[in-house]
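When you read off a place in the sequence shown, starting at 1, and then add 29, the result is the number in the working numbering.
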Amino acid sequence: GYPDLTTGERAVAITTPEGYTDYYFPPTPAEIEAGTVPKDRPKYPTFREREEREIKSDSEMIMHLGPQHAMVPGPFLLDILVEGERVKKAFLDIGYIHKGIEKIMENRSWLQGITYTDRMCYVASLTNNECYCGAVEKILGLEVPERAQYIRVILEELSRIQSHLIGTGEFLTLIAGVGFAPWQYMIIDRERIISLIESVTGARLTHTFVRFGGVRNDLPEGFAEQCRKDLPYMKSRIEEFIELFAQDPIYHARMENIGSISRNQRRFCR
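Laid out in structure tokens, this is it:
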């Protein structure tokens, strides 16, 4: 069986339906300094080791995708076991996107830490603000005033709309067939949501807006009226986007019955 990965050890694991089949434990600084790194500790397999273990026939091969690839939006590495055009297995290494933010924040004040949460994912920075400030509020026992809660939810829901637009647009571009046009349309209309958020926070992407126990400032005059004007338009546009790609035969060919999981496999995705 696999080791208990909840004990605080810095385990790097790849989740599969069968369990944690590929895992390794990077040595801690204390182990390196003391020279006590266990020799039998599992290590991340090399590319050659993975080839020898996974390839079962001459028609199979393992390909690298990443860590820098034109068709992926961020740096990560996939070793893909393929047979012809069929992807049989994928082994993910997400270490390339590690920013060291947790370590940086160890040497910053709690308030300074908010600005770093923006940079964890600039497309949805308000959500990261909320998670961090919410955790600190629980530690301090702070209760957020009702109006501030509403302001948070309104802005974070707007942020969710714009982040989903850019994510969906990139996805449609990556699977090809649908073309680059949907992404362009979504980016253009996304500006309406970005402008709404900017009118409150003063920033387009990295907002640093949520504060412990509340928010940085109240909603400006005219914000509600602009929302009532823009949101019906966005609803109609999103319906058009869905119609644009939902009837595309290439989209269906590359999405239907691809990556299906069983009821038993779903429990590993929670």
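We put the CB at the ideal spot given by N, CA and C, even for glycine.
None of the values given here were measured: they were computed from a predicted structure.
Contact belief for residue i with residue j at Cβ below 8 Å, rounded distance in angstroms
i	j	result
I217	L187	That belief does not hold up - the Cβ atoms of I217 and L187 are roughly 17 Å apart, past 8 Å.
F120	R79	7 Å
K118	E166	With a Cβ gap of about 42 Å, K118 and E166 do not count as contacting.
Y214	F274	Not quite, the Cβ-Cβ distance comes to about 11 Å (not below 8 Å), so this is no contact.
E131	L110	Wrong, their Cβ atoms sit about 33 Å apart, outside the cutoff.
S228	F252	6 Å
8 Å Cβ cutoff met for residue i and residue j
i	j	result
V239	L155	yes
Y151	L234	yes
I222	I190	yes
R137	I204	no
Residue interval of the beta strand (DSSP E) (run including residue i)
i	result
A59	Segment 58-63 is the alpha helix (DSSP H) holding A59; no beta strand (DSSP E) there.
H193	It is not in any beta strand (DSSP E) - H193 instead sits in the alpha helix (DSSP H) that spans 175-203.
E89	89-94
Selection from the options that minimises the alpha carbon distance to residue i
i	options	result
E175	E89, M149, S228, V244	V244
I123	Q97, R295, D247	Q97
V182	N136, H193, E159, E285	E159
L248	S291, I180, V101	I180
F76	I91, E172, R283, K258	I91
Y125	I61, V101, E135, N286	V101
V173	F241, E250, N246	F241
I195	L184, W212, E185, I204	W212
G231	K85, I109, L184, I168	L184
A99	R219, T202, A63	T202
R115	F200, R292, G288	G288
Q141	D259, Y161, L171, E285	Y161
Start-to-end residues for the alpha helix (DSSP H) that takes in residue i
i	result
S228	210-230
L260	252-275
F76	76-83
I279	278-284
N293	292-295
Distance cut-off 7 Å: residue i Cβ against heavy atoms of the ligand COA
i	result
F274	This structure lacks the ligand COA; in fact it carries no ligand of any kind.
Could you name each continuous beta strand (DSSP E) segment of 3 residues or more that falls completely within the region 96-155, going from the start of the chain to the end? 106-112, 115-122
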